[in-house]
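What follows is a short report on a single structure.
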Amino acid sequence: ERAPKRDEYLAVVTDEVQQDLRSARIKATVTGRPKHYYSVYQKMIVRGRDFAEIYDLVGIRVLVDTVRDCYAALGTVHARWNPVPGRFKDYIAMPKFNMYQSLHTTVIGPGGKPVELQIRTFDMHRRAEYGIAAHWKYKQEAVAGASKVRTDAPRSSGKTKDDHLNDMAWLRQLLDWQKETEDPGEFLESLRFDLSRNEVFVFTPKGDVIALPAGATPVDFAYAVHTEVGHRTIGARVNGRLVPLESTLDNGDLVEVFTSKAAGAGPSRDWLGFVKSPRARNKIRAWFSKERRDEAIEQGKDAIVRAMRKQNLPIQRILTGDSLVTLAHEMRYSDISALYAAIGEGHVSAPNIVQKLVQALGGEEAATEEIDESVPPSRGRGRKRRANADPGVVVKGVEDVWVKLARCCTPVPGDPIIGFVTRGSGVSVHRSDCVNVDSLSREPERILEVEWAPTQSSVFLVAIQVEALDRSRLLSDVTRVLSDQHVNILSAAVQTSRDRVATSRFTFEMGDPKHLGHVLKAVRGVEGVYDVYRVTSARRPS
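FYI, the numbering used here numbers position 237 of the sequence shown as 441, with every residue one higher than the one before it.
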């Protein structure tokens with residue numbers, strides 16, 4: 205059929221519809237359009253339709269003021285022309301997922317030719333043409349008085365404020381999907397599937413209509429009702445008959461699901477094989493992701509405890525202190541649970557975490573000095589250490605007290621210090637700004653005033669860090685300079701970064717802390733060294 209002929213036919217149909225609606229006193233705007241040839245081609249080639257199966261070669265659109273007028277106009281059209289069986293769709297009573305609403309029908313028009321009609325309100329048309337967001341903005345402006353409704357053509361659909369809020373449920377569901385789906389590609393695929401799907405409409409026992417994708421199951425229905433209902437579903441009844449959970453639902457089915465009240469009830473992984481709705485699939489995956497995370501947290505915590513027991517470390521003190529929180533933040537984890545989860549999932553080694561904790565507390569001796577008094581230190585070992593070296597510190601008002609310098613902050617004469625009474629290990633002396641002072645201060649009755657009183661037999665631990673450009677024999681040269689300064693090196697550790705920067709840490713004993721300045725100056729003179737400084741576990745300024 206040529207275009208001029210179709211235009212003439214369209215004008216005849218449009219005129220007859222307008223006359224019938226005018227006679228029925230229904231105020232309406234009637235427009236028509238012939239289907240473009242390319243659209244016909246697309247349906248025949250892409251969708252595999254036969255030309256005889258294309259019923260919308262000529263289309264009529266009827267816009268009215270109210271929902272009541274929509275159905276009145278439908279009755280008027282069906283009174284003039286016979287409808288084609290199976291071609292009527294009521295998207296007003298049962299909107300599409302994207303809130304599209306309209307009445308669709310196909311009738312046998314003049315000359316026995318099929319004519320498709322769309323009947324909807326002006327509000328529905330605005331939403332269909334410009335989208336739900338634009339429709340919502342229009343409504344907001346109307347409420348605020350930013351736009352005026354024309355008095356000669358009222359276009360209200362009679363919706364209440366609650367109705368318009370319900371229209372936004374679709375957008376809220378999209379936001380839920382976006383939060384629950386970590387992979388952006390998976391989110392877009394779910395959205396693309398949901399917008400292009402065919403739908404079935406089923407009923408709850410209370411008579412509410414639930415729209416689901418074609419091929420949906422009772423599990424999809426359960427998740428559409430509520431997430432917890434979906435998680436706890438154990439059975440279903442459709443139209444009064446018990447059915448398997450993987451059964452396919454049809455239009456008009458009355459669906460009832462049975463849920464478990466058990467505390468540990470949850471979905472089955474098998475459901476992912478037959479659910480059709482993106483909501484159900486995303487909720488099931490989110491449940492198992494959370495379950496795996498909870499298991500990973502427990503596994504990570506157990507791994508940390510086992511690693512601490514191997515080194516006889518005070519588990520309760522370390523796990524309840526601030527050291528683990530600080531370490532988690534330094535490693536860019538949001539909290540301790542995230543760190544435990546990373547350990548449980550194998551991203552981080554538990555022994556490595558324990559090693560970092562021990563280093564933060566000043567080594568194994570400092571980490572274990574608060575160990576429970578059920579494991580007291582050897583008295584013989586204490587006398588030997590006391591005989592070898594005088595700590596150079598006295599407790600005010602108390603004589604003959606076993607005093608030792610804490611290895612976590614390695615105080616030296618001149619540093620402000622405090623004393624802390626340990627369980628079975630005498631008095632431990634810390635710098636006043638030591639990172640462990642906050643936890644020690646929780647027991648103020650064990651804090652003592654101490655002061656420096658160094659003697660010729662006093663020996664102090666000092667830790668320095670050397671930063672240099674990496675080269676051959678760098679460690680040997682630094683070690684030689686330290687030996688020339690007559691210090692007793694106890695430990696050395698070197699790390700080299702990808703940009704060939706060597707960071708070395710040395711711990712050594714020295715009798716006169718005033719000599720430290722000469723040591724640092726001598727190390728700075730080594731070729732390639734650009735910085736050297738004393739290292740303590742002092743708190744960072746806030």
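From the three backbone atoms N, C-alpha and C, an ideal C-beta is built for every residue, glycine too. Computed from a predicted model, the values in this text were never measured in an experiment.
Query raised in the report: For the beta strand (DSSP E) that contains I296, what are its first and last residues?
Result: Where I296 is concerned, there is no enclosing beta strand (DSSP E), given that its DSSP letter is neither H nor E.
Query raised in the report: So who's on the other strand from F292, going by DSSP bridges?
Result: Paired residue(s): none; F292 is not in a bridge.
Query raised in the report: Smallest Cα separation from Q322: which of R485, L267, F624 and V271?
Result: Nearest option by C-alpha distance: L267.
Query raised in the report: Do the CB positions of V723 and L686 come within less than 9 Å of each other?
Result: yes
Report task. Answer yes or no: do L609 and V633 have a C-beta to C-beta separation smaller than 9 Å? Result -> yes
Query raised in the report: Hey, how far is the Cα of W656 from the Cα of S645?
Result: 21 Å
Query raised in the report: Closest by CA to R473, which one among Y544, T280, N486 and F462?
Result: Cα-wise, what sits closest to R473 is N486.
**Report entry** Residues sharing a beta bridge with M714, DSSP
**Finding:** F664
Query raised in the report: Looking only at C-alpha atoms, which of E603, F407 and A500 sits nearest to V552?
Result: A500
Query raised in the report: Helix or strand or just coil, what does DSSP make of G630?
Result: coil
Query raised in the report: The beta strand (DSSP E) with V461 in it runs from where to where?
Result: V459 to T463
**Report entry** Straight-line gap, R210 to V262 (C-alpha atoms, nearest Å)
**Finding:** 8 Å
**Report entry** Option in A428, G729 and K410 with minimal Cα separation from P417
**Finding:** That would be A428, whose Cα lies nearest to the Cα of P417.
Report task. Could I get the ranges of all uninterrupted alpha helix (DSSP H) runs contained in the stretch 413 to 452, with 4 residues as the minimum, in chain order? Result -> 422 to 429 and 431 to 435
Report task. Check P620 in the structure and name its three-state DSSP category. Result -> coil
Report task. Starting from E655, follow the beta strand (DSSP E) in both directions and report where the run begins and ends. Result -> V654 to W656
Query raised in the report: Who are the near neighbours of T740 in its chain, counting only those whose CB is closer than 7 Å to its CB and skipping five residues on each side?
Result: Counting only residues of its own chain and dropping the five nearest sequence neighbours on each side, T740 has a CB closer than 7 Å to the CB of C613, T614 and R635.
Requested in this report: If I'm right that P422 touches V442 with Cβ under 8 Å, what's the distance once you round it to whole angstroms?
Outcome: The beta carbons of P422 and V442 sit about 7 Å from each other, so the pair counts as a contact at 8 Å.
Requested in this report: Report buried or exposed for S680, applying the criterion of at least 16 other Cβ atoms within 10 angstroms of its Cβ.
Outcome: Per the 10 Å Cβ criterion, exposed.
Report task. Closer than 7 Å by C-beta to L278: which residues in its own chain qualify, once you throw out the five before and the five after it? Chain order, please. Result -> L307, T309 and I323
Query raised in the report: Can you tell me whether DSSP reads V602 as helix, strand or coil?
Result: coil
Report task. Pull up the distance between the alpha-carbon of K231 and that of E460, whole angstroms please. Result -> Separation of K231 and E460 (C-alpha to C-alpha, rounded to the nearest whole angstrom) is 43 Å.
Query raised in the report: Helix, strand or coil: which one does DSSP assign to C274?
Result: helix
Query - Assigned exposure category for R675 - 16 Cβ within 10 Å defines buried - result: exposed
**Report entry** CB contact check: R291 to chain B, cutoff 9 Å
**Finding:** Here chain B cannot be found, since the structure has a single protein chain.
**Report entry** For L307: DSSP bridge partner residues
**Finding:** DSSP output for L307 lists D294 and I323 as bridge partner(s).
Report task. Tell me whether K608 sits in a helix, a strand or coil according to DSSP, three-state version. Result -> strand
Query raised in the report: Per DSSP, V404 forms a beta bridge with which residues?
Result: L416
Query raised in the report: How would you label Y544, buried or exposed, when you count the other beta carbons within 10 angstroms and need 16 or more for buried?
Result: buried
**Report entry** Whole-number beta carbon distance between R284 and D219, since they are thought to touch under 8 Å
**Finding:** The Cβ separation is near 12 Å, so there is no contact.
Query raised in the report: Do V654 and V639 have their C-beta atoms within less than 9 Å of each other?
Result: Judged by beta-carbon spacing, V639 lies beyond the 9 Å limit of V654, meaning their Cβ atoms are not closer than that value.
Requested in this report: Report the option in I264, K293, T707 and L673 whose CA atom is closest to the CA atom of V188.
Outcome: Summary: the structure shown does not reach residue 188, with the chain confined to residues 205 through 746, and so no result is reported for it.
Query raised in the report: On the three-state DSSP scale, how would you describe F255?
Result: Any reading at F255 is ruled out, since the residue's pLDDT is 47, under 50, leaving its predicted position unreliable.
Query raised in the report: Which value, in whole angstroms, describes the spacing of the CA atoms of Q222 and E320?
Result: 15 Å
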